[in-house]
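Quick note: the sequence shown uses my numbering, first residue 7, plus one each step. Virtual Cβ for every residue (Gly too), placed ideally from N, Cα, C. Since this is a predicted model, take the numbers as computed values, not measurements.
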Amino acid sequence: MIKQRFSLALSLLWRTYLAYFIYSVLFSMALGFTIGAGLLASRDFLRFGPPFTLGLFALLIAVLELGGRVNVLQAVFGARLKRTQAHWRTYVLQLSLLLIALALLNALFALFAPFEVWVYYKVYGAPLLFAVGIFVLGWAQTPSTAETIAAHTEESSATSAAPKWP
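Structure follows, in C-alpha cells:
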C-alpha cells in the first residue's frame, strides 16, 4: 500500500511539473512575442510574473474541469495512470487550490520582502514547496479501486493456495 502511494505520488509529481513547465514556456512565449520588450525591462514583471502565471494555471485547469469537464492532466497523462474520473477531478481541484496558495505566498514575498529575499525564496523555497505540495496531494490520493481489488484478489488466491493448518 505504501509502495503504491509513493509510486502514485511520484508519478503525479513529475507529470504535473512537466505540464506546468510546458504551460509556463508557452505562456512566456506568448507574452514574449506580444509585449516582450516592455516586460523584460520591468523589475515588477520579474517579481509578479510567477504568481500571475501560477494563478492563471490554477484558474485554467479549474475552469476547464468545472466548466468544460475537460481534465488537462488526464488528457495528457491519463493513458499511463489508471485513475478514475473522480480521482482525476479531485486531484485537479486540489492542485488548483495548492497553486493558488503558492501564488498568494509568492505575491506576498514579492510585495513585502526585499528583492534578495524574494530571489532566494523563488530559487530555493518555491520549487521545494511546489514539489512537496504535489507529492502530498499524490500521497493523499487513495489507490484506484481496480488496483485495490486486484491486490485483494492476489492476496486471497495466495492464501487459498496455501495449506490450511488445523
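Cβ-Cβ separation, residue j to residue i (assumed contact under 8 angstroms), whole Å
| i | j | result |
| --- | --- | --- |
| A64 | A109 | 7 angstroms |
| G61 | I106 | 6 angstroms |
| H93 | Q147 | 6 angstroms |
| S13 | T59 | Actually they are not in contact, since the Cβ atoms of S13 and T59 sit about 29 angstroms apart, beyond 8 angstroms. |
When the options are compared against residue i, the one with the closest alpha-carbon
| i | options | result |
| --- | --- | --- |
| V34 | L18, L52 and R21 | Reading off the sequence shown, one finds Ser at residue 34, where the question assumed Val. Out of L18, L52 and R21, L52 has the C-alpha closest to the C-alpha of S34. |
| F27 | P133, T90 and V98 | P133 |
| V138 | N77, E71, A92 and L101 | L101 |
| L79 | S17, K128, S13 and N112 | S17 |
| V76 | S13, F141, L135 and R95 | R95 |
| G55 | F83, F115 and K88 | F115 |
| V98 | F12, L66 and S13 | L66 |
| L104 | A15, Y29, L87 and I140 | I140 |
| P57 | A113, R89, A81 and F136 | A113 |
| D50 | V125, Y29, F12 and T22 | V125 |
| R21 | L87, V129, T59 and L32 | L87 |
Pair within 8 angstroms by beta-carbon distance, residue i and residue j
| i | j | result |
| --- | --- | --- |
| G144 | L19 | yes |
| A25 | V82 | yes |
Between the stretch 114-123 and the stretch 69-77, do three or more beta carbon pairs fall short of 8 angstroms? A contact is defined here as three or more CB-CB pairs under 8 angstroms, and the stretch 114-123 fails this definition with respect to the stretch 69-77.
Contained alpha helix (DSSP H) runs [length at least 4] in the stretch 107-147, N- to C-terminal order: 121-126 and 132-146
May I have a chain-ordered list of the alpha helix (DSSP H) segments no shorter than 4 residues that lie completely inside the stretch 57-95? 78-83
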